[in-house]
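The next block holds one structure in the form of structure tokens; read it before the comments.
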Amino acid sequence: MYKKITIISLSMMLLMGCSGTVPTLGVTAGKLTPCPDSPNCVNSQQATTDEEHYIEPIEFSGTSQQAQVSLLHVLKTAERADIVVVEDNYIRVEFTSQIMRFVDDVEFYFPSVESGKIIIQVRSASRVGHSDFGVNRERIEQIRTEFNALPQ
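As structure tokens, this is what we get:
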């Protein structure tokens, strides 16, 4: 009996996926949602003394619109990425892991800047689990590398 319950439970979990529920995301008072205490999140607006969660924002010379077009180009070619929200100053993408179907929420915020130098604030966080083994940090660094490789 225990074996049947375990198999049914495991099957249900695999069928439903490991996506978790969509957390409250977006920009509030010019800030992306802070990271939770767990180590499965990075945020460029986190305090720089919080080395576990802080990551450098992405810099761009040009307009917010040009930065957004370039970033969308990178995101559209990313594997297992679903662009969910595109607004004037905000992009949200869901990345799904290949095997377990875990979903990570990735956000980009383009605060308006007059100097011609755009600072793109970033946040990447797992919906479920405690540790992500550095996947969110690696993802942002990969996006940064591909973004910076594009002609500006």
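Using mature numbering (1 follows the signal peptide of the UniProt record, and there is no 0), the letters of the sequence shown correspond one by one to residues -24 to -1, 1 to 128. By construction, the Cβ of each residue, glycine as well, lies at the ideal position given by its N, Cα and C atoms. Predicted model, so just to flag it, every value in this text is computed and none were measured.
Proximity of residue i and residue j at Cβ, strictly below 7 Å
i: Ser100; j: Val82; result: yes
i: Tyr66; j: Val(-3); result: no
i: Ser40; j: Phe86; result: yes
i: Val18; j: His29; result: yes
Closest Cα partner of residue i within the set the options
i: Glu114; options: Asp80, Pro12 and Arg103; result: Asp80
i: Val60; options: Lys52, Val69 and Arg120; result: Val69
i: Asp6; options: Phe123, Gly105, Ile95 and Val111; result: As written in the sequence, residue 6 is Gly, which differs from the Asp given in the question. That would be Ile95, whose Cα lies nearest to the Cα of Gly6.
i: Arg56; options: Ala43, Glu63, Gln74 and Gln42; result: Gln74
Residue i versus residue j: straight-line alpha-carbon distance, rounded
i: Pro127; j: Phe109; result: 32 Å
i: Thr121; j: Thr25; result: 24 Å
i: Lys52; j: Val104; result: 24 Å
i: Leu8; j: Leu1; result: 7 Å
i: Phe78; j: Gln22; result: 24 Å
i: Ala54; j: Phe84; result: 15 Å
i: Cys11; j: Val62; result: 22 Å
i: Met76; j: Ala125; result: 31 Å
i: Phe36; j: Ala43; result: 6 Å
i: Asp64; j: Glu27; result: 30 Å
Close-in-space but distant-in-sequence residues of the same chain around residue i (CB under 6 Å, 5 per side omitted)
i: Ser20; result: Ile31, Pro33, Gln97 and Val98
i: Ser102; result: Asn16, Asp80 and Asp108
i: Asp58; result: Glu70
Cβ separation of residue i and residue j, assumed to be a contact under 8 Å, to the nearest whole Å
i: Val50; j: Ile119; result: 6 Å
Close beta carbons around residue i, own chain, < 7 Å, minus the five adjacent residues each side
i: residue 132; result: The requested residue 132 does not occur in the structure, where the chain is confined to residues -24 to 128.
i: Ser14; result: His106
i: Asn112; result: Asn16, Cys17, Val18, Asp80, Ser100, Ala101 and Ser102
Contacting residues, own chain, Cβ-Cβ under 8 Å from residue i (five flanking each side not counted)
i: Gly38; result: Gly92, Ile94 and Gln128
Any non-hydrogen atom of the ligand GDP closer than 6 Å to residue i Cβ
i: Phe78; result: As presented, the structure is devoid of all ligands, the ligand GDP included, so that no description of it is given.
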